[in-house]
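The structure appears right after this line, and notes come after that.
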Amino acid sequence: MSTVIRPYGDTTGDGMVQLSFTLPLSSLGDDAKLAEGAAAQLANKMGMDPAMVVHARPMGPDFTFFVVYGRVNHLVEPDKVVVVERDYPLLSPKEANAAIKKALHRRLVVVGACIGTDAHTVGIDAILNIKGFAGEKGLEYYREMRVVNLGAQVLVPDLVARAQEEKADAVLVSQVVTQRDAHLHNTSEMSAAFREAYPTGKQPLLVVGGPRFDESMTETLGVDRIFAKGTTPGEVASYLVHRLVDQPSNVSRRSA
Ligand code: B12
């Protein structure tokens, strides 16, 4: 039988949630009451009842940031939640190296970059740099991988050209800035450029990552895999081995 749960605030299942947003309204001086009323109205329309404005802070003369606390009646059905599960085994660096050596007889080539105007390199470096992330070494530590990290603000044509020059097996792209869906537009542009530059079925494995990606959007964005926040290098290395070494069709499409 499926279970339902509700948010927890003061007592179990009381439905209390907290919401924050900004409205283009002044809350300075006499404007304060109207601005708070507008915030409560929005929260009411979103299903919060009662909606208590617990914080209102002017953001300059014409904008106000609000925090609203209140009750919602929506039920959460955990059984109906759909998530992208890891569908490959987690390997140690030793296991990954051994699998690559045995199947490819050469090093697996990984080209990484942060594309567009995005200068947030900490995420891609966490995956690629030898020092790694969360206690795991990055892909540079893997003896059987050759990592080319192009850094920040790489233009898509330059990424494609370098991937071709390096004979990349996999291209790893990071996108952290999400303003105006830049991460989605840049990723779609990148995958389209690879489709155009390579013969069908010969392009490198395209992997994208960043904290605000929806992992289920691979088809929409034209990439093979999406990694979201909290990804560790070991997960990425294991995925690359799974796709490029364990699945023979992928090996041949790239070694041609
Ligand atoms: C550090 C930082 C910076 C540094 C970046 C330094 C650097 N060399 O990277 C500096 C100061 C330069 C900076 C600048 C800016 N920043 Co900034 N920055 C941050 C901050 C504080 C931390 C990001 C970070 O390093 N996280 C740690 C890493 C390890 O986490 P991660 O990126 O999520 O990566 C993990 C996963 O997502 C995943 N992953 C990520 N990429 C990839 C790729 C692959 C292939 C894979 C497999 C996995 C993967 O694996 C990683 C490990 O688990 C965030 C806020 C925050 N707390 O997150 C804001 C933030 C990202 N910045 C922001 C903004 C707005 C800016 C600026 C526009 C500010 C400005 N007005 O100038 C500029 C933009 C510069 C530019 N051109 O990109 C916003 C973005 C908002 C949005 N909606 O897009 C944030 C969210 C802050 C905020 N709350 O407003 N920033």
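Taking the numbering used here, the leading residue of the sequence shown gets 77, the next gets one more, and so forth.
All C-beta atoms in this analysis are idealised placements derived from N, C-alpha and C, irrespective of residue type, glycine included.
All of these numbers come straight from a predicted model, not from anything done at the bench.
Inset, instruction - Report the option in F209, V249, P233 and G211 whose CA atom is closest to the CA atom of V224. - result: Here residue 224 refers to the residue found at position 148 of the sequence shown. Looking at the Cα atoms, V249 is the closest of the given residues.
Legend entry - Segment limits, alpha helix (DSSP H) that includes Q117: Indexing the sequence shown from 1 puts residue 117 at position 41. Unbroken alpha helix (DSSP H) run through Q117: A108 to K121.
Inset, instruction - Assuming L320 and L282 form a contact by the criterion Cβ under 8 Å, report the distance between their Cβ atoms to the nearest whole angstrom. - result: Counting from 1 along the sequence shown, the entry for residue 320 is found at position 244. Counting from 1 along the sequence shown, the entry for residue 282 is found at position 206. Incorrect: roughly 12 Å between the Cβ atoms, too far for contact.
Legend entry - Where F270 falls: helix, strand or coil (DSSP): Numbered from its first residue, the sequence shown carries residue 270 at position 194. Helix, per DSSP.
Legend entry - Nearest candidate by alpha-carbon position, reference V159, set S292, E272, D245 and V130: Counting from 1 along the sequence shown, the entry for residue 159 is found at position 83. Closest by alpha carbon: S292.
Inset, instruction - For N173, count neighbouring Cβ atoms within 10 angstroms of its own Cβ and tell me buried if that reaches 16, exposed if not. - result: Position 97 of the sequence shown, counted from the first residue, corresponds to residue 173. N173 is buried by the Cβ-count criterion.
Legend entry - Beta-carbon proximity list for E112, same chain, < 8 Å, skipping 5 on both sides: The sequence position of residue 112 within the sequence shown is 36, counting from 1. Result list for E112: S103, V129, A132 and F142, in chain order.
Legend entry - Cβ-Cβ distance between N120 and I191 below 8 Å: Counted from its first residue, the sequence shown places residue 120 at position 44. Counted from its first residue, the sequence shown places residue 191 at position 115. No, Cβ-Cβ distance for N120 and I191 is not below 8 Å.
Inset, instruction - Out of G188, A175, G146 and V93, state which residue places its alpha-carbon closest to the alpha-carbon of S314. - result: On the sequence shown, position 238 is the one that residue 314 refers to. Answer by Cα proximity: A175.
Inset, instruction - Run through the region 262–314 for me and flag every whole alpha helix (DSSP H) of 4 or more residues, listed as ranges in chain order. - result: 294–297
Inset, instruction - Please state if the CB of V152 and the CB of V80 are separated by a distance shorter than 8 Å. - result: Locating residue 80 in the sequence shown gives position 4, counting from the first residue. Locating residue 152 in the sequence shown gives position 76, counting from the first residue. For V80 and V152, yes; Cβs fall inside 8 Å.
Inset, instruction - Return no unless some Cβ of chain B is closer than 8 Å to the Cβ of S267. - result: Of the protein chains in this structure there is only one, and it is not chain B.
Inset, instruction - Would you check if the region 192–204 and the region 225–237 touch, i.e. whether three or more CB-CB distances between them fall below 8 Å? - result: yes
Legend entry - Per-residue burial, F270 [other beta carbons within 10 Å of its own, 16 or more giving buried]: Numbered from its first residue, the sequence shown carries residue 270 at position 194. F270 is buried by the Cβ-count criterion.
Inset, instruction - With DSSP as the reference, label L215 as helix, strand or coil. - result: The residue you call residue 215 lines up with position 139 of the sequence shown. Helix at L215.
Legend entry - CA-to-CA distance, Q323 to L180, given in whole angstroms: In the sequence shown, counting from the first residue as 1, residue 180 sits at position 104. In the sequence shown, counting from the first residue as 1, residue 323 sits at position 247. For L180 and Q323, the distance between alpha carbons rounds to 12 Å.
Legend entry - Option nearest E272 by Cα separation, candidates R288, L260, A304 and G298: In the sequence shown, residue 272 corresponds to position 196, counting from 1. That would be G298, whose Cα lies nearest to the Cα of E272.
Inset, instruction - Please confirm if the region 212–221 is in contact with the region 251–265, defined as three or more CB-CB distances below 8 Å between the two stretches. - result: no
Legend entry - Q255 CB to nearest heavy atom of ligand 1 below 7 Å: Here the question's residue 255 lines up with position 179 in the sequence shown. At least one heavy atom of ligand 1 is nearer than 7 Å to the Cβ of Q255, so yes.
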